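*Asks:* So the sequence shown is residues 5 to 608, counted in the numbering used here. Backbone N, C-alpha and C define an ideal beta-carbon position, used for all residues, glycine too. Predicted model only: the values in this text are computed from it and were never measured.
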Amino acid sequence: MDTTRIRNFCIIAHIDHGKSTLADRFLLRTSSISSREFREQVLDDMDLERERGITIKARAVTMSHTIGGSEYMLNLIDTPGHVDFSYEVSRSLTACDGALLLVDATQGVEAQTLANMHLAFDLGIEIIPVINKIDLPNAMVDDVILEMENSLGMLPEEIQLVSAKTGEGVDELMETIIRRIPSPQGKSADPQRALIFDAVYDEFRGVIVYIRSVDGKITRGDRIKMLSSDREYEATEVGKFRPRPQVVDSLSSGEVGYLVPNIKTLQDVRIGDTITLATGPSVEALPGYVEPLPMVFCGLYPTNHTDYDALRKALEKLQLNDSSFTFQPETSEALGFGFRCGFLGLLHMDIVQERLERESGLSIVQTAANVTYEVAKTDGSVIRIDSPGALPNAGVIDEIREPVIRLSILIPADSIGAAMKLAEERRGKYIKTEYLSSARALLEYKIPLAEIIFDFYDKLKSATRGYGTMDYEFDSYNAADLIKLRILVSGEEVDALSTIVHRSVAEPRGRALIRRLQKEIPRHMFEVPLQAAIGGKVIARENIKALRKNVTAKCYGGDVSRKRKLLEKQKEGKKRMKRVGNVEIPQEAFMSVLSTSEEKRGRN
5 MDTTRIRNFC IIAHIDHGKS TLADRFLLRT SSISSREFRE QVLDDMDLER ERGITIKARA
65 VTMSHTIGGS EYMLNLIDTP GHVDFSYEVS RSLTACDGAL LLVDATQGVE AQTLANMHLA
125 FDLGIEIIPV INKIDLPNAM VDDVILEMEN SLGMLPEEIQ LVSAKTGEGV DELMETIIRR
185 IPSPQGKSAD PQRALIFDAV YDEFRGVIVY IRSVDGKITR GDRIKMLSSD REYEATEVGK
245 FRPRPQVVDS LSSGEVGYLV PNIKTLQDVR IGDTITLATG PSVEALPGYV EPLPMVFCGL
305 YPTNHTDYDA LRKALEKLQL NDSSFTFQPE TSEALGFGFR CGFLGLLHMD IVQERLERES
365 GLSIVQTAAN VTYEVAKTDG SVIRIDSPGA LPNAGVIDEI REPVIRLSIL IPADSIGAAM
425 KLAEERRGKY IKTEYLSSAR ALLEYKIPLA EIIFDFYDKL KSATRGYGTM DYEFDSYNAA
485 DLIKLRILVS GEEVDALSTI VHRSVAEPRG RALIRRLQKE IPRHMFEVPL QAAIGGKVIA
545 RENIKALRKN VTAKCYGGDV SRKRKLLEKQ KEGKKRMKRV GNVEIPQEAF MSVLSTSEEK
605 RGRN
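1) Could you check which residue in E477, I487, T180 and K221 has the C-alpha nearest to that of H506?
2) At a cut of 8 Å, does the region 91–101 reach the region 116–127 through at least three beta carbon pairs?
3) Counting Cβ pairs closer than 8 Å, one from the region 346–353 and one from the region 318–336, do we hit at least three?
4) Excluding the five sequence neighbours on either side, which residues of its own chain have a C-beta within less than 7 Å of the C-beta of P298, listed in chain order?
5) Which residues bound the alpha helix (DSSP H) around N120?
6) May I ask you to list the residues that DSSP assigns as paired with E378?
7) Less than 8 Å between the beta carbons of L489 and N154, yes or no?
8) In whole angstroms, what separates the C-alpha of T98 from that of I420?
9) Might you give, ordered along the chain, the residues of its own chain that have their beta carbon closer than 8 Å to the beta carbon of D6, omitting 5 neighbours on each side?
10) Determine the extent of the alpha helix (DSSP H) in which R197 is found, giving its start and end residues.
11) How is the alpha helix (DSSP H) around E162 delimited, first residue to last?
12) Can at least three beta-carbon pairs, one atom from the region 206–215 and one from the region 31–38, be found at a separation below 8 Å?
13) Under 8 Å: do the region 379–393 and the region 316–328 share three or more Cβ pairs, one atom per stretch?
14) Can you name the start and end residues of the alpha helix (DSSP H) that D383 belongs to?
15) Using DSSP's beta-bridge definition, name the partner residues of P285.
16) Excluding the five sequence neighbours on either side, which residues of its own chain have a C-beta within less than 6 Å of the C-beta of T473, listed in chain order?
17) Could you round the C-beta distance between R137 and D108 to whole angstroms and report it? I think they count as a contact, below 8 Å.
18) From S217 to L104, what distance separates their C-alpha atoms?
19) Between the region 310–321 and the region 369–376, do at least 3 Cβ pairs fall closer than 8 Å?
20) Excluding sequence positions up to five away, which residues of its chain have a Cβ less than 8 Å from the Cβ of A398?
21) Does DSSP put N608 in a helix, in a strand, or in coil?
22) According to the neighbour-count rule (16 or more other Cβ atoms, all chains shown, within 10 Å of its Cβ), is D277 buried or exposed?
23) State the beta-bridge partners of Y481 as determined by DSSP.
24) Check this for me: beta carbons of D226 and L281, under 8 Å apart or not?
25) So, at 8 Å on beta carbons, what are the nonlocal neighbours of A445 in its own chain, with the 5 sequence-adjacent residues on each side left out?
26) Of all the options E162, Q196, P195 and S192, which has the alpha carbon lying nearest to the alpha carbon of T180?
Encoded structure:
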C-alpha cells in the first residue's frame with residue numbers, strides 16, 4: 005500500500021483509563037473481528053492480563069478503514085498503563101508516528117498520563133488528546149478539559165470526546181487519526197531497514213520478531229541480516245496481526261508485522277536491532293532503544309535444585325519477550341544455585357515471577373526485593389551492588405549511595421497534608437506543589453527508591469481514600485547513612501534475609517522483622533534463636549520455642565527424681581538435635597522483609 009495511506013499510532017494513558025476497550029472498539033468498527041468473535045480486551049491475550057484487568061505487554065494489530073472512498077491501513081499498538089511497564093510504552097512510541105493520549109472523564113489527568121505525554125513529546129510524535137468514558141453519569145468533561153489545558157497544554161478544540169464502551173465519538177476519532185497523524189516517512193525504493201520492537205519464542209518455529217518496516221520491502225524467502233550481530237538468516241514467514249497472525253508475501257515501507265527468521269538461539273536477537281537484506285547495500289542502523297536500568301532486584305531460586313537449567317532456559321525465553329528484565333547466576337548459602345534478577349518495579353517483579361511459574365511450570369522461591377546501591381571504597385573506586393551479600397567489609401567503605409527518585413503524586417487537594425506526612429516519614433525532600441484545578445494538586449518530592457518500592461503506594465491509596473496516583477523517574481545516587489542489617493537464624497547468617505537500611509530505622513526494623521520471622525518460621529523439635537545484628541552487635545532477638553512431647557505423661561506418682569530424669573534426657577536430646585538439625589525457612593519468611601511493621605503491609 006502507498007505509504008500516504010498508512011497510519012501508525014498507539015494508545016497511551018494511565019492504568020484503567022480504557023486503552024484496551026478503545027482498541028476493542030476500533031477492531032469492531034474496522035470489521036477486523038466480527039461481533040460473534042468479540043470479547044473484552046481482545047488484544048490482552050495473556051491469562052494474567054485478563055485476570056488482573058491490566059495490559060502487561062504491548063500488542064500490535066493491523067486494521068483497514070475506508071473514508072471518502074479511500075482505504076487506509078491503521079497499525080495500532082495497545083500499550084500498558086502501569087509505571088512499571090513504561091519501557092513497553094517507550095518502545096511502542098518509537099515504532100509509531102502518533103499517539104492517542106487517553107484521559108478518563110471521571111478521574112481526570114493522572115500521574116502516568118503526564119509521564120506518557122512527556123515520553124511522546126520527547127520523541128516528537130503527533131499527540132491527539134482524547135477524553136474517554138463520557139457516557140458515565142459522574143463524568144466531569146468540562147473539568148477534565150480544563151485540567152488537560154492547564155497541566156498538559158492541550159487546546160480545548162483539539163480534544164476528542166469518546167465513549168469506548170458505547171462507541172460514541174469513535175468514528176470522528178478515526179477520521180481525526182487519519183487527518184492529523186502523519187504518514188510514515190520511509191520510501192519503498194530505499195535499501196531495506198526494519199526495526200525490531202518486540203519478540204517472542206515459539207517451541208516449533210523458534211524466535212518470532214515483531215518489526216516496523218522503515219524503508220524498502222522485506223519478502224518471504226529473503227536473506228536478511230541483523231546489524232548488531234552481523235549474522236544472516238532466512239525470512240521463512242512474513243505476516244501481519246489482524247488481530248490473529250496472517251501470512252502475507254511482504255512488508256513494505258511503513259508497515260508493521262512479524263517475521264520468522266529461523267533463529268534458534270535466543271541470544272541472537274536484540275530488541276531495537278535493525279534488520280536489512282543480506283544482499284543489499286550497507287545501511288545505517290536505526291536509533292533503536294536506550295535500555296532501561298533495572299531499579300529493583302531479587303533472587304529467584306528453583307524449589308527443586310535439579311530444575312536449575314530449566315529455570316535458566318525459562319528466564320532466557322522471558323527476557324526475549326521482556327528485554328527490560330535482566331538476570332545473572334548467583335549462589336546463596338541458604339537457597340543454593342539461582343539467579344539475581346533485575347526489574348523496573350515491584351509489580352514488574354511480581355508479574356515476571358507469576359509468568360515464570362505459569363509458562364514453565366516451575367516452582368520458584370523468591371527472595372525479598374532490594375534496590376541497587378553505589379559503594380565508594382577507600383581506594384577511590386566505586387562499585388554497584390544489587391544484594392546486601394555483595395556489600396564489602398565496613399573497613400573498606402568510604403560511603404554508600406542510594407538511588408533517589410523524583411516522585412510525582414497526584415492527589416485530591418484535601419489530602420495534601422496526609423500525602424506530605426507520608427512522604428516525609430519516608431525521608432522525602434519536598435520540591436513543589438502545583439494545583440491542576442481547585443480540587444486536584446500535584447506534589448513533587450525527591451525520595452529514596454528503597455522507601456517506596458514496598459508499601460508506599462498502598463499507604464498513599466489509604467491516605468487519599470483511593471484517589472491518589474503516583475509516578476516516578478530516577479534522579480541520582482546520593483550518599484546516606486546506610487548499614488547492613490544481618491539476620492541470623494540459629495546462629496547462622498541467612499544472606500537472603502539480610503537487608504540494607506538507614507541507620508535511623510535499623511533497630512525498629514530489625515525488631516519488627518524478627519517478630520515477623522518468629523510467626524512465619526514453623527516450630528522445630530529444638531529451640532530456634534532469631535537475631536538481628538549490625539556488624540557484630542545483636543540489636544534484637546526472639547526464640548521459636550521447641551515442639552515438646554510430654555515425656556512424663558506415663559509417670560503416675562512415684563519419686564519426683566524419675567520425672568526429672570526423663571526431662572533431663574529430653575533436654576539433652578534437644579541439644580543434640582540443635583547441633584545437627586536444619587531449620588526449614590518457608591517462602592513467606594523470605595518475603596516478610598518486605599514489611600516494615602508488625603502488620604502485613606504492602607504486597608506481602
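*Replies:* According to the structure shown:
1) I487
2) yes
3) yes
4) T330, G346, F347 and L348
5) A115 to L127
6) R388 and R405
7) no
8) 36 Å
9) none
10) That residue, R197, is in no alpha helix (DSSP H); its beta strand (DSSP E) goes R197 to D206.
11) First-last for E162: undefined, no H or E at that position.
12) no
13) no
14) Per DSSP, D383 belongs to no alpha helix (DSSP H) and is neither H nor E.
15) DSSP output for P285 lists no bridge partner at all.
16) E114, A115 and L414
17) According to the sequence as given, residue 137 is Lys; it is not Arg. The Cβ separation is near 5 Å, so the contact holds.
18) 21 Å
19) no
20) G539
21) The predicted position of N608 is uncertain, since its pLDDT is 34 and thus under 50; a value taken from the coordinates is nonetheless stated next. N608 falls in the coil class under three-state DSSP.
22) buried
23) P407
24) yes
25) L414, I415, P416, A417, I420, T437, E438 and Y439
26) E162
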